[in-house]
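S.K.: The sequence shown begins at 6 in our numbering and counts up one residue at a time.
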Amino acid sequence: MTDKTNSSGALDVLHVSTYTHGIIGPSQPMVGPLADGGRIVAGTPPGCWGPMITPAFQGGHEVTQPIAIEGAEVGDAVAIRIERMRVTSIATSSGVMQFVDGRYKGDPFVAKFCNACGTEHPVSHIEGIGEHAVRCSHCGAEVNAFRFSHGYVIVFDQDSQMSLTVNQEVADRLAGKAGLMSALPEAAQQHSILALARADIPGVAAPMRPFLGNIGTTPARDLPDSHNCADFGQHLVGAPHRYGMSKEELDAARTDGHMDTNSVREGAILICPVKVPGAGVYLGDMHAQQGNGEIAGHATDVSGETELSVEVIKGLAIDGPILLQNLDDLPPLARPLTPEQRRQVQALGERWGQREIEETGPITFIGSGPDLNAAVRNGLARAAAVTGLPYDEVLNRATINGSIDISRLPGTVRVTFLCPMPVLDRIGIGHLVRQKYQL
């Protein structure tokens with residue numbers, strides 16, 4: 006399909022099917038520019054396990070080449086509307102990971118090497134199936150830096166939006182045609198995790214509820230794509246490889262695109278900081294489903310297709326993502342009042358002489374840190390800084406008409422509360438909140 010341009014030469018619609026192969030940052034050339042208000046159509050390969058078992062990758066995902074947005078300058082924000090999502094994989098595999106000592110320097114996601122020939126980030130290939138299938142193309146040695154301590158293979162049905170884990174016999178059959186079953190895009194360079202054929206829990210059924218685990222804007226310096234956050238990113242602090250940095254450098258650079266937040270799904274609006282000229286919107290790491298918290302470390306990573314639209318918000322200087330969740334995903338206490346509830350509140354106020362009742366709208370701040378406590382403090386501090394509300398007031402609002410929810414262990418959370426509409430208008434997103442929740 007041909008991309009379309011507007012009168013200024015920027016694209017109104019941009020199709021993206023090329024990937025950065027593990028690194029996201031200023032060194033990555035951007036495609037576009039895409040017009041403010043334009044649409045992105047992207048096909049993405051799985052995140053996590055496929056790149057993890059491909060030693061040439063220097064990050065844990067395979068995200069799209071970043072997209073320049075016309076008019077987006079450092080200190081602005083970009084609102085990304087997730088218009089449509091579709092899982093294209095027929096099957097995937099995932100589970101709890103273990104590292105193979107002696108095959109990486111400091112971080113197996115970033116700095117893999119072959120312990121037989123010493124080649125760093127070696128080109129590799131698949132021979133056979135099972136945990137020894139990943140082989141160094143230089144010397145032929147088994148070279149995978151990861152193992153499953155407990156894993157599964159799961160198949161999907163698009164019509165019913167249901168999935169089911171399978172037994173070892175089925176897993177072995179799928180491993181024989183792993184790339185086809187994973188629906189790897191043509192430009193993807195990862196090995197399919199289905200080749201490992203680990204099937205420890207057959208017969209587990211689960212509804213599909215796809216979302217994007219890594220979506221946002223380009224960080225201010227080159228980072229492994231899976232480390233664009235504070236919990237995974239903490240492993241870069243003082244690391245003995247080229248992406249090692251200080252905590253202060255990480256905090257200044259990251260945009261927290263890797264958030265594994267299960268409500269970043271079709272219908273949601275994600276508002277992201279601009280830390281490089283053009284913003285550099287990117288996406289990847291689609292999951293077929295995940296509960297509140299990627300407790301196992303990894304979920305069901307799949308190939309998929311996503312359609313997005315973008316809007317530049319001038320002068321909204323934020324440090325990390327703001328999320329407008331779907332109504333069904335909002336915590337019960339953070340949902341807008343229904344007309345009947347508002348009538349009841351007005352009657353209650355009349356009874357006690359409290360005639361002023363706030364007009365509010367839901368807002369969610371993503372917080373990340375080395376652990377959950379640090380992530381909560383980060384999310385609360387971001388909420389106070391952006392809204393201008395006192396920190397202790399944010400604590401009270403998040404308690405009585407909000408919630409703190411886990412997105413990922415060890416340290417990514419959602420801080421959600423009903424925020425006064427004048428505040429949302431002042432920071433430039435009141436119109437988005439009104440449109441999203443029909444206020």
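Beta carbons are placed, not taken as given, at the ideal position from N, Cα and C, and that holds for glycine.
(1) Do the segment 331-338 and the segment 399-414 meet, that is, are 3 or more Cβ pairs less than 8 Å apart?
(2) Got a sec? Which residues, its chain only, sit under 6 Å from Thr369 by beta carbon, not counting five neighbours each side?
(3) How big is the Cα-Cα spacing for Gly42 and Ala193?
(4) Is the segment 388-400 close to the segment 349-366, with three or more CB pairs under 8 Å?
(5) Would you tell me roughly how many angstroms separate the C-alpha atoms of Pro31 and His66, rounded to the nearest one?
(6) Can you tell me whether Cys277 is buried or exposed? The criterion is at least 16 other CB atoms within 10 Å of its CB, across all chains shown.
(7) If Gly76 and Ile28 are in contact, beta carbons under 8 Å, what's the gap, nearest whole angstrom?
(8) Classify Lys252 as helix, strand or coil using the three-state DSSP reduction.
(9) Residues in the same chain with beta-carbon distance under 6 Å from Val175, minus the five sequence neighbours each way, listed in chain order, please.
(10) Which residues in the same chain have their Cβ closer than 7 Å to the Cβ of Gly107, if we skip the five residues on either side of it in sequence?
(11) Helix, strand or coil, according to DSSP, for Lys182 in the structure here?
(12) Since Tyr287 is in the beta strand (DSSP E), which residue starts that stretch and which ends it?
(13) Start and end of the beta strand (DSSP E) containing Leu377?
(14) Could you give the distance in angstroms between the alpha-carbon of Gly309 and the alpha-carbon of Leu423?
(15) So, using beta-carbon positions, are Arg86 and Ser314 closer together than 8 Å?
(16) For Thr93, collect the residues of the same chain with a Cβ closer than 8 Å to its Cβ; drop the 5 residues on either side in sequence, then sort them by chain order.
(17) When the Cα atoms are used, what is the spatial distance from Phe62 to His126?
(18) Assuming contact is defined by CB atoms lying nearer than 8 Å, are Tyr287 and Pro56 in contact in what I supplied?
(19) Let me know if Ala150 comes out buried or exposed under the rule of 16 or more other beta-carbons within 10 Å of its beta-carbon.
(20) So what's Asn219 in DSSP terms, helix, strand or just coil?
(21) Should Leu444 and Gly416 be called a contact, given that it needs their Cβ atoms to be closer than 8 Å?
(22) Comparing alpha-carbon positions, which option in His196, Gly285, His303 and Pro245 lies nearest Ala73?
(23) DSSP three-state call for Pro278: helix, strand or coil?
(24) Alpha helix (DSSP H) containing Arg356: first to last residue?
(25) Specify the secondary structure class of Ile371 as computed by DSSP and reduced to three states.
(26) Can you list, in chain order, the residues of its chain with a C-beta nearer than 7 Å to that of Glu54? Leave out the 5 residues immediately preceding and following it.
(27) Starting from the C-beta of Asp8, find all residues in its chain whose C-beta is less than 7 Å away, skip the five residues before and the five after it, and write them out in chain order.
(28) Are Gly262 and Asn297 closer than 8 Å when you measure CB to CB?
(29) Tell me where the alpha helix (DSSP H) around Leu400 begins and ends.
(30) In chain order, what residues of the same chain lie with their CB nearer than 7 Å to the CB of Met6, ignoring the 5 residues before and after it?
(31) What's the gap between the Cα of Ile371 and the Cα of His143?
(32) Any idea what DSSP makes of Arg203, helix, strand or coil?
(33) Tell me which same chain residues have a C-beta within less than 7 Å of the C-beta of Val139, skipping the five on either side of it?
(34) Just checking my contact of Arg264 with Pro326 at CB under 8 Å: how many whole Å lie between their CB atoms?
(35) Quick one, are the C-beta atoms of Val160 and Ser168 less than 8 Å apart?
M.R.: Let's see:
(1) yes
(2) Closer than 6 Å at the Cβ level, and outside the excluded window around Thr369, lie Leu328, Gln330, Arg419 and Thr421.
(3) 28 Å
(4) no
(5) 17 Å
(6) buried
(7) That pair is no contact at about 26 Å.
(8) helix
(9) none
(10) These residues qualify, in order along the chain: Asn120.
(11) coil
(12) Ala284 to His292
(13) Unbroken run through Leu377 is the alpha helix (DSSP H), Leu377 to Thr392; no beta strand (DSSP E).
(14) 33 Å
(15) With a cutoff of 8 Å on beta-carbon distance, Arg86 and Ser314 are scored as near each other.
(16) Gly48, Ala188, Val307, Ser308, Gly309 and Glu310
(17) Rounded to the nearest whole angstrom, the CA to CA distance from Phe62 to His126 is 7 Å.
(18) In this structure, Tyr287 keeps its C-beta atom at 8 Å or more from the C-beta atom of Pro56.
(19) buried
(20) DSSP places Asn219 in the strand class (E or B) of the three-state scheme.
(21) Leu444 is not a Cβ neighbour of Gly416, given a cutoff of 8 Å.
(22) Gly285
(23) strand
(24) First-last of the alpha helix (DSSP H) with Arg356: Pro344 to Trp357.
(25) strand
(26) Before going on, a small fix: residue 54 reads as Trp here, not Glu. So the qualifying residues of the chain are Ser98, Ser99, Ile198, His303 and Asp306.
(27) Once the five neighbours on either side are set aside, the close Cβ partners of Asp8 are Leu16, Val18, Leu19 and His20.
(28) no
(29) Tyr396 to Ile405
(30) Only weak support is given to the placement of Met6: the predicted model assigns it a pLDDT of 45, under 50, and the value that follows is read from those uncertain coordinates. The answer, listed in chain order, is His20.
(31) 43 Å
(32) The answer is coil: DSSP assigns Arg203 none of H, G, I, E or B.
(33) Ile58, Ser129, Ile131, Glu147, Val148, Asn149 and His196
(34) Strictly speaking, residue 264 in this sequence is Met, with Arg absent from that position. Contact check for Met264 and Pro326: beta-carbon distance about 7 Å, within the 8 Å limit, so the pair qualifies.
(35) With contacts defined as CB atoms closer than 8 Å, Val160 and Ser168 qualify as a contacting pair.
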